[in-house]
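Presented below is the structure to which this report refers.
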Amino acid sequence: RAVPEPARAVGDGDAAEREALIDAMERAGWVQAKAARLRGMTPRQIGYALKKHGITVEKF
């Protein structure tokens, strides 16, 4: 039988990921596609990560 993985607690890893996302977004001028390329992600992946961390992108 498969053993379920324990639930992850919000910790330093999540905080570090959040800061890395914000840094990439700032370097990319808050353009998700550019930030995704900087992080080696797809635009869909970075969009999901931003949502997961509660980071909002203002649209003009």
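Quick note on numbering: the sequence shown equals residues 10 to 69 in this note's numbering. Backbone N, C-alpha and C fix where the C-beta goes; we use that ideal spot for every residue, glycine too. The model shown is predicted, which means the values in this text are computed figures rather than measured ones.
Please report the residue range of the alpha helix (DSSP H) in which Gly-56 lies. For the purposes of this step, residue 56 is taken as the residue at position 47 of the sequence shown. Start and end: 52-61.
Determine whether the beta carbon atoms of Arg-53 and Ala-44 lie at a separation below 9 Å. Walking along the sequence shown from the start, residue 53 turns up at place 44. Walking along the sequence shown from the start, residue 44 turns up at place 35. Result no, Cβ atoms of Arg-53 and Ala-44 do not sit closer than 9 Å.
Which residue comes first and which comes last in the alpha helix (DSSP H) that contains Lys-7? A query on residue 7 cannot be resolved here, the shown segment of the chain reaching from 10 to 69 and no further.
Ala-42 versus Thr-51: straight-line alpha-carbon distance, rounded: Here residue 42 refers to the residue found at position 33 when the sequence shown is read from its first residue. Here residue 51 refers to the residue found at position 42 when the sequence shown is read from its first residue. So the alpha carbons of these two residues sit roughly 7 Å apart.
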